[in-house]
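I have placed the structure first, in the form of structure tokens, so that the comments after it can refer back to it.
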Amino acid sequence: MYSSLLLVFVCAAFATMNETKPPMPGAPIDIKDPNNDQEHMNRVWGAVNGELNNQASNNGPYHFVPIKILSAKSQVVAGMKHIYEVLVGESNCKKGEMQATELTQANCKLRDGANRAIYNLSVWERPWDNFTQYTAEKVRTVDAKETF
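For the sequence shown, numbering that gives the first Met the number 0 assigns the number 0 to the initial residue and increments by one for each residue that follows.
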């Protein structure tokens, strides 16, 4: 009898541990499949063009372009903040020949043998103020043999 009660108690404890709880208000929420969401891709391109390509951490001769969003979260703040971890690589567009704000998916492609890196990008939007702020922080350089 004692072992049966213990078994019931253990099962109940495990069942409550696996309950799905709603996120806390204001906590970041994971975005599922951001690479297939054009709004998120547009935000990432905006952050790459508006911030990352103007940073000293991108000191090579080529502009970076986003390759893949590795993770994405959205958070309600005074507006909306989108937080991305993005794999970027050197494009075939050279600095000095084209401004970062002119880069698009159509006119700048990933260069063969491109150097790659992972960046944390954030996009803070307040549409009612016509406000967008980008930040970019390099996480690390990516080895040529690494796959994602």
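Beta carbons: idealized from backbone N, C-alpha and C, even for Gly.
Inset, instruction - Give me the Cα-Cα distance between N58 and I28, rounded to the nearest whole angstrom. - result: 33 Å
Legend entry - Length of the line joining the Cα atoms of H39 and V64: 14 Å
Inset, instruction - Use the C-beta contact count for G112: other C-beta atoms within 10 angstroms, 16 or more gives buried, fewer gives exposed. - result: exposed
Inset, instruction - With a 10 Å radius around its C-beta and 16 neighbouring C-beta atoms as the bar for buried, classify N48 as buried or exposed. - result: The C-beta of N48 has 16 or more other C-beta atoms within 10 Å across all chains shown, which makes the residue buried.
Legend entry - Nearest neighbour of A99, chosen from P24, N53 and N41 [CA to CA]: N53
Inset, instruction - For the alpha helix (DSSP H) holding W44, just list the boundary residues, first then last. - result: Per DSSP, W44 belongs to the alpha helix (DSSP H) from Q37 to G49.
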